[in-house]
Amino acid sequence: MLGLDDIREARERVDGVARHTPLEHSYSFSDLSGAAVHPKLEVFQRTGSFKIRGASNRIATLTDEEQAAGVVTASAGNHAQGVALAATRADVDSVVVMPEHAPIAKVKATRSYGAEVVLHGEDYDAAQARAHEIEADENRTYVHAFDDPTVMAGQGTIGLEIVEDCPDVETVVVPIGGGGLIAGIATAVKARSPDTRVVGVEAEGASSVAQSLEKGSVQELDGVDTIADGIATRRVGERTFPIIEERVDEVVSVSDPDIAVAITTLLERSKTLIEGAGAVPMAAILAEAFDYSQDEVIVPVLCGGNIDLNMLRTVIMRGLVESGRYLRFRTTLPDQPGSLERLVEIIADERANIYAIQHDRTSRDSGMTATEVAIDLETRGEEHVATLLDALEANGYAPEVLV
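The UniProt record's numbering puts the sequence shown at residues 1 to 403.
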């Protein structure tokens with residue numbers, strides 16, 4: 001099983017390729033949670049993700065023959081970029097298979113680092129199957145995204161940095177997809193600081209590890225559905241699972257709305273852009289998905305920032321809705337002059353700001369003498385939303401919340 005010496009050797013190999021990323025105390029998130037939160041900002045790693053660590057370590061161990069034949073991998077995006085850059089730096093040819101719906105930003109970035117990109121399948125597992133076909137056809141070495149001890153060792157170098165930079169750490173919170181990141185980090189942390197708790201976080205729509213732990217063996221999901229595309233895997237790794245069983249103290253899950261709130265809060269309070277997979281540790285803290293004490297020293301590993309801009313727009317909107325900062329509702333008005341003005345006066349009295357109004361006289365849900373209105377509002381929190389809706393109802397309206 002993966003050990004501390006493997007991670008120390010990996011550190012020597014990736015030194016000069018991977019950066020030692022910042023670990024800083026966050027006053028904002030400490031105030032919000034009541035804990036002492038020290039984010040590990042792996043978002044500032046080369047390629048914007050921790051994946052360069054494991055990829056560099058694996059490619060550094062290739063034989064001369066393997067280097068000449070080239071490598072192939074499958075990835076939802078971040079591992080793709082890590083392999084592409086690591087291979088190019090080592091003068092090794094690389095092919096990366098990505099799901100057809102992989103974020104455009106990640107596809108472009110992977111190509112820019114020198115890899116040939118093949119788009120195939122609906123998710124990571126389908127892309128992986130195609131990559132193994134290329135492996136067999138072209139005699140390339142397959143660089144697994146997570147289920148490889150050398151890759152795990154590279155990711156584990158993050159754990160060494162955490163313990164060195166925050167020696168009083170009590171809890172480390174790590175995302176889980178296939179399990180390579182948490183397997184490496186847990187190995188390093190438990191070896192250097194045995195009393196430190198390691199908590200893994202999955203997205204609810206891709207919770208293979210929780211089910212596997214419950215059953216006592218690796219379980220495969222029928223499908224995945226989450227905005228955290230970087231951890232949207234249907235099954236945990238065969239090699240990573242025993243390490244998680246032995247060295248991870250707890251595994252929890254967070255919903256997509258929780259993740260959206262974490263992304264928007266990180267952007268607003270820390271001025272840091274984190275993708276869905278990278279934000280799940282902070283989502284778990286904010287949503288209190290696991291128990292922690294007042295002033296407990298917690299290190300959430302914010303492991304990636306490569307979010308597609310179209311997805312970011314959707315996530316920000318969802319985050320604002322979940323935190324009561326944005327409201328869209330529909331109601332019916334008498335089709336008479338002044339009806340809309342009276343509704344707007346109530347909204348203004350409650351200090352909500354109007355983004356947009358849609359006025360529809362043709363809706364089949366309204367009577368012939370009525371008109372339907374949908375209004376988008378900027379609001380100031382959940383209490384403000386509740387007060388506004390109460391005011392509308394008190395004035396005879398029947399608001400239907402749309403988002």
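We put the CB at the ideal spot given by N, CA and C, even for glycine.
Inset, instruction - Could you name the residues of the same chain whose beta carbon sits closer than 7 Å to that of Ile-357, not counting the 5 residues immediately before and after it, in chain order? - result: Result list for Ile-357: Val-373, Ile-375, in chain order.
Legend entry - Where the alpha helix (DSSP H) containing Met-317 begins and where it ends: For Met-317, the enclosing alpha helix (DSSP H) begins and ends at 309–322.
Inset, instruction - Mind checking which residues open and close the beta strand (DSSP E) that includes Val-236? - result: Premise fails: Val-236 is in no beta strand (DSSP E) and is neither H nor E.
Legend entry - Residue range of the beta strand (DSSP E) that includes Ile-357: Element bounds for Ile-357: 353–360.
Legend entry - Ile-7 and Ala-284 closer than 7 Å at C-beta: No, the pair does not count as a contact, with Cβ atoms beyond the cut-off.
Inset, instruction - Measuring alpha carbon to alpha carbon, tell me which of Arg-330, Glu-116, Glu-9 ends up nearest Leu-402. - result: Arg-330 is the residue among Arg-330, Glu-116, Glu-9 whose C-alpha sits nearest the C-alpha of Leu-402.
Inset, instruction - Assign Met-98 to one of three DSSP states: helix, strand, or coil. - result: Three-state result, Met-98: strand.
Inset, instruction - Under 6 Å Cβ to Cβ from Glu-220, same chain only, skipping five residues before and after it: list those, please. - result: Cβ neighbours of Glu-220 beyond the five flanking positions: Arg-234, Arg-235.
Inset, instruction - Per DSSP, which residues does Gly-304 bridge with? Please list them. - result: The partner list for Gly-304 (beta bridge, DSSP) reads Ser-49.
Inset, instruction - Return yes when the Cβ of Val-83 is within less than 7 Å of the Cβ of residue 419, no when it is not. - result: Not covered by the structure: residue 419. The range shown for the chain is 1 to 403.
Legend entry - Straight-line gap, Glu-164 to Glu-245 (C-alpha atoms, nearest Å): If you take the alpha carbons of Glu-164 and Glu-245, they lie about 25 Å apart.
Legend entry - Proximity of Leu-333 and Thr-371 at Cβ, strictly below 7 Å: It is a contact, given that the beta carbons lie within the stated cut-off.
Inset, instruction - Mark Tyr-113 as exposed unless 16 or more other C-beta atoms lie within 10 angstroms of its C-beta, in which case mark it buried. - result: With 16 or more other Cβ atoms inside 10 Å of its own Cβ, Tyr-113 counts as buried.
Inset, instruction - Rank Val-14, Leu-2, Ser-75 by C-alpha distance to the C-alpha of Asp-229 and give the top, closest one. - result: For the residues Val-14, Leu-2, Ser-75, the minimum Cα distance to Asp-229 belongs to Ser-75.
Legend entry - Inter-residue Cα distance where the pair is Glu-100 and Val-117: If I take the Cα positions, the gap works out to 11 Å.
Inset, instruction - Kindly indicate which three-state DSSP category Ala-36 falls into: helix, strand or coil? - result: Strand.
Inset, instruction - Find out if the Cβ-Cβ distance for the pair Glu-135, Tyr-142 is shorter than 7 Å. - result: Cβ atoms of Glu-135 and Tyr-142: closer than 7 Å.
Legend entry - Alpha-carbon spacing of Tyr-326 relative to Gly-3, whole angstroms: Near 48 Å, if we compare the C-alpha coordinates of Gly-3 and Tyr-326.
Inset, instruction - Measure the C-alpha to C-alpha separation of Phe-44 and Thr-226 and round it to an integer number of angstroms. - result: Those two C-alpha atoms are separated by around 24 Å.
Inset, instruction - Put Thr-272 into one of helix, strand or coil per three-state DSSP. - result: Coil.
Inset, instruction - Go to Tyr-326, then tell me how far its beta strand (DSSP E) extends in each direction, as first and last residue. - result: For Tyr-326, the uninterrupted beta strand (DSSP E) run begins and ends at 326–334, by DSSP.
Legend entry - Proximal residues to Gly-48 (C-beta, below 7 Å), its chain only, five neighbours per side dropped: Gly-304, Gly-305, Asn-306, listed in sequence order.
Legend entry - Cβ-based burial, Ile-354 [other Cβ within 10 Å; buried from 16]: It counts as exposed.
Inset, instruction - Round the Cβ separation of Ile-243 and Met-1 to the nearest angstrom and send it over; I've been treating them as touching at under 8 Å. - result: About 6 Å separates the two Cβ atoms, so the contact holds.
Legend entry - Span of the beta strand (DSSP E), counted from its first residue to its last, around Pro-194: Taken as a continuous stretch (DSSP letters only), Pro-194 belongs to no beta strand (DSSP E), as it is neither H nor E.
Legend entry - Contact check, Asn-78 vs Lys-40, beta carbons under 7 Å: Here Asn-78 is not near Lys-40, since their CB atoms are 7 Å or more apart.
Inset, instruction - In the DSSP assignment, find the beta strand (DSSP E) that holds Val-254 and state where it starts and stops. - result: Note, Val-254: beta strand (DSSP E), 250–254.
Inset, instruction - From the DSSP output, in three-state form, read off Val-118 for me. - result: In the structure shown, Val-118 sits in a strand (DSSP, three-state: E or B).
Inset, instruction - Whole angstroms is fine: what's the gap from Ser-253's alpha carbon to Thr-362's? - result: Approximately 44 Å between the Cα atoms of the pair.
Legend entry - Exposure of Ala-129, with buried meaning 16 or more beta-carbon neighbours within 10 Å: Ala-129 counts as exposed, since fewer than 16 other C-beta atoms from the protein chains shown sit within 10 angstroms of its C-beta.
Inset, instruction - Taking Val-403 as part of the alpha helix (DSSP H), name the residues at either end of that continuous run. - result: Where Val-403 is concerned, there is no enclosing alpha helix (DSSP H), given that its DSSP letter is neither H nor E.
Legend entry - Selected residue, minimal CA-CA separation from Thr-301, among Gly-156, His-144, Ala-127, Ala-69: Note that residue 301 is Val in the sequence shown, not Thr. Out of Gly-156, His-144, Ala-127, Ala-69, Gly-156 has the C-alpha closest to the C-alpha of Val-301.
Legend entry - Limits of the beta strand (DSSP E) - the one that Thr-73 falls within: Where Thr-73 is concerned, the enclosing beta strand (DSSP E) stretches over 71–74.
Legend entry - 6 Å CB neighbourhood of His-132 in its chain, flanking five on each side removed: Excluding its 5 nearest sequence neighbours in each direction, His-132 has no C-beta neighbour in its own chain below 6 Å.
Inset, instruction - Work out the CA separation of Thr-314 and residue 444 for me, nearest whole Å. - result: The displayed coordinates of the chain run from 1 to 403. Any statement about residue 444 would go beyond what the structure contains.
Inset, instruction - Could you tell me whether the Cβ atoms of Gly-381 and Gly-324 are closer together than 7 Å? - result: Cβ atoms of Gly-381 and Gly-324: closer than 7 Å.
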